[in-house]
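So the sequence lines, in the order shown, correspond to chains U and C.
One point on numbering: in the numbering used here, the residue at position 153 of the first sequence is 153, and numbering is uninterrupted.
One point on numbering: in the numbering used here, the residue at position 69 of the second sequence is 364, and numbering is uninterrupted.
Working notes, beginning with the structure itself.
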Amino acid sequence: MENPTTTQERQRAGRDVAIDVTQRDPDLGQGEPATDVEAIFTLDSVSVHYGSDTAVRDVSMQVPTNEIVALIGPSGCGKSTLLRSLNRMNDLVPSARVDGDVLYHGVDIYGAEVDPVEVRRRIGMVFQQPNPFPKSIYDNVAFGPRINGFDGDLDNVVEAALRDAAIWDEVKGKLTTSALSLSGGQQQRLCIARAIAVQPDVILMDEPCSALDPIATLRIEELMRDLAKHYTIVVVTHNMQQAARVSDKTAFLTLEVDEGTQDRAGVLVEYDSTEKIFTDAADPRTEAYITGRFG
Amino acid sequence: MSVLTTPRRTAEQIAQSMASPRSRSTRERLFESVLLAATLLTLLVLAVLLVDVFRDGIGRLDLSFLTSYSSRTPQDTGIRTGLTGTLSLMVLTALFSFPVGIGAAIYLEVFAPDNRFTRFMQVNIANLAGVPSVVYGLLAAAVFVYLLNFGRTLISGAMALSLLILPVIIVAGREAIRAVSPSIFNGALALGATPWQATYKQVLPVAMPGILTGTILALSRAVGEAAPILVAGAVFSRRADNEPWNLFESFGALPIQIFDFVKRPQEGFQIEAASAGIIVMLAVLLIMNATAITLRNKYSKRM
């Protein structure tokens with residue numbers, strides 16, 4: 001990182017805003033004495049339903065600040081659904097319903113007082129397919145600050161975000177060209193830059209490398225390690241090596257069939273430090289998945 | 296050992312087995328010519344029409360035909376009232392129908408909850424697009440001419456045309472908005488945009504060429520309509536210009552003017568003046584369609 005001072009300052013400014021959420025709603029914040037102050041997310045018995053189907057059942061876990069948490073598991077186990085419940089992107093699906101508490105800095109983000117737009121501003125998201133806006137590179141990064149009423153020097157913010165996303169050197173000469181002219185890996189780093197530019201607290205990544213080649217994947221992984229110095233990252237991945245390489249903690253989810261009702265739902269099997277999960281998993285299902293015996 | 300095995304064959308056998316059977320290629324060629332004939336038939340009708348109209352009308356078409364008001368003698372008559380009336384109607388119709396149509400399209404595509412009422416509205420808007428144009432004229436006559444007492448004026452005519460093309464604009468607008476990848480909308484939301492910001496700043500710019508094309512094509516349909524504005528009060532005999540800002544004046548229009556020429560007894564009106572009028576109207580339509588295509592190409596090339 002070439003200008004860490006400004007980055008950290010911006011980051012701190014972002015944190016201050018985030019802490020304000022807690023203060024705005026004191027009842028919710030104080031009602032959870034057991035909440036670890038270091039935890040940015042505390043999930044308590046979270047279930048996500050689509051209509052009458054249950055996608056994720058009864059997940060409880062904590063996401064510590066400035067760490068990378070990987071969600072792994074076989075297809076259809078609800079990893080992406082769980083991730084999308086962390087910034088209320090599931091709201092877009094009319095039939096989706098979340099039970100249990102998703103506490104962010106102690107505030108239930110599904111509380112009646114909470115504005116989903118504010119939640120998404122603090123909890124950024126990078127999608128599976130790079131989805132830059134069909135506009136210039138500059139406008140892609142500047143969009144977030146602009147809509148959030150930023151009135152400082154936009155050029156600085158754009159440059160800092162592009163530097164932090166390790167793409168500045170590749171695009172600095174062509175900021176006004178279309179973002180769609182970039183390669184897939186560059187587009188994904190641009191999307192990360194775009195997310196950073198609104199100074200979020202957390203970045204959620206939904207299989208950010210699945211559409212990329214191995215070299216572009218490696219660059220994103222290096223970038224994630226860099227970003228973890230200042231941001232908390234929750235990443236869904238199909239790639240177990242990736243989880244092992246980048247994450248501090250790993251959660252293994254699997255699809256469980258209810259004996260009585262035959263309903264299928266994703267459940268959290270095991271959540272521990274990545275090293276423990278990959279070398280000494282407590283649950284035999286985790287070990288079976290990790291060693292490639294199923295999934 | 297698998298049950299299904301591919302037998303080894305010589306290159307000659309393979310070449311033979313891959314040669315296209317004669318019967319199939321004949322059938323395909325026959326089918327292709329039927330399709331070609333269908334296309335040519337359409338073009339042929341258009342060509343006959345154009346040749347006929349141009350042969351009759353091109354001699355009568357000159358600058359004075361464009362700049363003269365209607366007259367009792369075929370040699371002196373002109374289409375000026377119709378031309379200014381049609382252009383005024385076009386401007387007003389666009390002003391009324393574009394904002395309302397796009398507003399409805401955005402609501403239905405982005406904000407409307409998925410419930411019975413929304414589906415009811417969607418079905419009805421689609422049905423409205425198929426209602427005969429004269430019905431819209433009668434509606435406009437009842438509501439604007441008499442109920443609101445606008446009289447047989449330019450604004451009543453523009454309202455009739457607006458009602459006529461609103462459903463078409465809404466349907467075209469919805470399709471253009473739906474064609475924008477949801478990942479753009481989601482990407483904007485994930486940056487803390489409100490649904491309205493995501494729509495206005497990201498989705499609409501991408502959808503705009505499609506929306507504009509749909510609107511201009513709908514307008515060009517409206518320009519050629521005679522029935523609704525006739526019912527809403529267009530006149531044959533006006534000898535003055537129409538301007539879009541003079542809302543409460545009587546008005547003429549190109550199709551009405553042509554209709555007037557055709558029903559007069561003299562050949563100079565029936566054939567020459569009417570054909571010249573048709574050429575003018577075709578030119579207006581052609582210009583509009585060309586504008587639609589240019590806009591679409593320009594916007595879609597930009598990014």
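Just so it is clear, CB atoms sit at the ideal spot from N, CA and C, and this is done for glycine as well.
Going along the chain, which residues of its own chain have a beta-carbon closer than 6 Å to the beta-carbon of residue i, five neighbours each way excluded?
{"i": "U/R84", "result": "N90"}
{"i": "U/Q128", "result": "D206, E207, S210"}
{"i": "C/S570", "result": "V348, D351, G352"}
{"i": "U/W168", "result": "L162"}
{"i": "C/Q497", "result": "I479, A483"}
Taking Cβ-Cβ distances shorter than 7 Å, what residues in chain C pair up with residue i?
{"i": "U/R121", "result": "G487"}
{"i": "U/Q129", "result": "S478"}
{"i": "U/N148", "result": "G487"}
{"i": "U/R189", "result": "The contacting residues do not exist; U/R189 stays about 14 Å from chain C at best."}
By the criterion of Cβ-Cβ separation under 8 Å, what are the contact partners of residue i in chain B?
{"i": "U/L92", "result": "In the displayed structure, chain B is absent; the protein chains listed are U and C."}
Starting from residue i, find everything on chain U with Cβ-Cβ shorter than 8 Å and list it in chain order.
{"i": "C/V501", "result": "P134"}
{"i": "C/D371", "result": "In chain order: nothing, as chain U lies at least about 55 Å away."}
For residue i, verify whether its CB is less than 7 Å away from any heavy atom of the ligand PLP.
{"i": "C/L484", "result": "The ligand PLP is not part of the structure shown, which contains no ligands of any sort."}
Should residue i be flagged as near chain U, meaning a C-beta pair shorter than 8 Å?
{"i": "C/Q492", "result": "yes"}
{"i": "C/D536", "result": "no"}
{"i": "C/K593", "result": "no"}
{"i": "C/L344", "result": "no"}
Measuring straight from C-alpha to C-alpha, what distance separates residue i and residue j?
{"i": "U/D272", "j": "U/D201", "result": "22 Å"}
{"i": "C/T494", "j": "U/D108", "result": "28 Å"}
{"i": "C/T337", "j": "C/L330", "result": "11 Å"}
{"i": "C/I506", "j": "C/G468", "result": "5 Å"}
{"i": "C/D357", "j": "C/G572", "result": "11 Å"}
{"i": "U/V119", "j": "C/L433", "result": "52 Å"}
{"i": "U/Q241", "j": "U/A70", "result": "11 Å"}
{"i": "U/L180", "j": "U/E170", "result": "14 Å"}
{"i": "C/A436", "j": "C/V429", "result": "10 Å"}
{"i": "U/L227", "j": "U/V234", "result": "12 Å"}
{"i": "C/P550", "j": "C/I524", "result": "9 Å"}
{"i": "U/L82", "j": "U/S45", "result": "12 Å"}
{"i": "C/A400", "j": "C/L459", "result": "16 Å"}
{"i": "C/A306", "j": "C/M313", "result": "11 Å"}
By Cβ distance, which residues of its chain are closer than 7 Å to residue i, with the 5 residues on each side in sequence left out?
{"i": "C/V440", "result": "G446, R447, S451, A527, G528"}
{"i": "C/R559", "result": "Q565"}
Answer with yes or no whether the minimum CB distance from residue i to chain C is below 8 Å.
{"i": "U/Q186", "result": "no"}
{"i": "U/N239", "result": "no"}
{"i": "U/M125", "result": "yes"}
{"i": "U/R24", "result": "Reliability of the predicted coordinates at U/R24 is poor, the pLDDT of 37 falling under 50, and no value is obtained from them."}
{"i": "U/Q30", "result": "Only weak support exists for where U/Q30 lies, its pLDDT of 41 falling under 50; the coordinates are left without a value."}
{"i": "U/V117", "result": "yes"}
{"i": "U/A281", "result": "no"}
{"i": "U/A195", "result": "yes"}
{"i": "U/M224", "result": "no"}
{"i": "U/V37", "result": "Legend: pLDDT at U/V37 = 47, less than 50; position of this residue unreliable, value from coordinates given subsequently. Chain C contact via Cβ: absent."}
What residue does the beta strand (DSSP E) around residue i start on, and which one ends it?
{"i": "U/P64", "result": "53-64"}
{"i": "U/R264", "result": "264-273"}
{"i": "U/R97", "result": "96-104"}
{"i": "U/E256", "result": "249-257"}
{"i": "U/Y50", "result": "39-50"}
{"i": "U/G149", "result": "Looking at the DSSP string, U/G149 is not in any beta strand (DSSP E), and its letter there is neither H nor E."}
{"i": "U/L204", "result": "202-206"}
{"i": "C/M454", "result": "C/M454 -> not in any beta strand (DSSP E); alpha helix (DSSP H) instead, spanning 449-473."}
List, in chain order, every chain U residue whose beta-carbon is nearer than 9 Å to that of residue i.
{"i": "C/Q497", "result": "F133, P134, K135, F143"}
Looking at the secondary structure, which residues open and close the alpha helix (DSSP H) in which residue i lies?
{"i": "U/Y289", "result": "284-290"}
{"i": "C/V430", "result": "428-435"}
{"i": "U/A216", "result": "214-227"}
{"i": "U/V171", "result": "168-171"}
{"i": "C/L361", "result": "358-362"}
{"i": "U/G184", "result": "184-196"}
Using C-beta distances below 8 Å, list every residue in its chain close to residue i, excluding the 5 sequence neighbours before and after it, in chain order.
{"i": "C/R591", "result": "P504, G505, L507, T508"}
{"i": "U/Q62", "result": "D36, A39, F41, T42, L43"}
{"i": "C/T413", "result": "L403, A407"}
Which chain U residues sit within Cβ distance under 7 Å of residue i?
{"i": "C/D409", "result": "P94"}
Can you list the residues of chain C that residue i reaches, using a CB-CB cut of under 8 Å?
{"i": "U/V198", "result": "L486, G487"}
List, in order along the chain, the chain C residues whose C-beta lies closer than 9 Å to that of residue i?
{"i": "U/M89", "result": "N481, L484, A485"}
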